[in-house]
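First comes the structure, then the notes that go with it.
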């Protein structure tokens, strides 16, 4: 037996508030909104300016948002962003983070396969945590910037149409690294590049030689 969306917000509001700015729990009966819910008010969650398409009853409770189905939370919702109406841009702030959750109950279409999914995630995490990085350079992918650049539309990170990464500053930096650093025969003056960025010479004591793995001093 699953718990209601509003009950879920009341139970987990404190944990969610520590990592996200807003939570919407979708359900075919009552859809809950953290910032409007009493639990959110007690925790001091700031209004985020979002509006839910549905009939608002009490703060944080909305009816007629979705019908039963095989999508999010056992509803007919395939894209959670479709339940959002016009929002108040003056209530948002840079870095605002939205989290849409789904109920893992017996009505959910993936309920039967959740154990297998969790086992797969566990194996992947075990391999990643037990391994060691092979490259000396970490290129940070600003995925949050990409999410904010879609104008509210759904964005698909397709393998066959990689324009979403190749035509960005991050993609250009990755191509530059492949051509200048990781290609056979390529070499790069890391020390000179770092000194140029820092605007001063590096102290030889703290510069590790790539061949010997030791400092010069």
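Residue numbers (the numbering used here): 1 to 217. By construction, the Cβ of each residue, glycine as well, lies at the ideal position given by its N, Cα and C atoms.
C-alpha gap between residue i and residue j, whole angstroms
i           : j           : result
residue 201 : residue 195 : 5 Å
residue 10  : residue 41  : 11 Å
residue 117 : residue 125 : 12 Å
residue 165 : residue 58  : 43 Å
residue 119 : residue 130 : 16 Å
residue 140 : residue 133 : 14 Å
residue 20  : residue 147 : 15 Å
residue 8   : residue 178 : 47 Å
residue 48  : residue 28  : 23 Å
residue 22  : residue 67  : 23 Å
residue 25  : residue 88  : 20 Å
residue 52  : residue 34  : 12 Å
Sheet register partners of residue i (DSSP bridge)
i          : result
residue 68 : 75
residue 63 : 55
residue 84 : 52
Simplified DSSP assignment, three categories, for residue i
i           : result
residue 218 : The requested residue 218 does not occur in the structure, where the chain is confined to residues 1 to 217.
residue 32  : strand
residue 140 : coil
residue 18  : coil
residue 112 : helix
residue 25  : strand
Neighbour flag for residue i against chain C, beta carbons, 8 Å
i           : result
residue 180 : The displayed structure is made up of one protein chain only, and chain C is not part of it.
Practice prompt. May I ask you to verify whether the stretch 77 to 88 touches the stretch 112 to 119, counting CB pairs closer than 8 Å and requiring at least 3?
Written response: no
Worksheet entry | Meets three-Cβ-pair contact criterion under 8 Å: the stretch 41 to 53 and the stretch 74 to 81 | no
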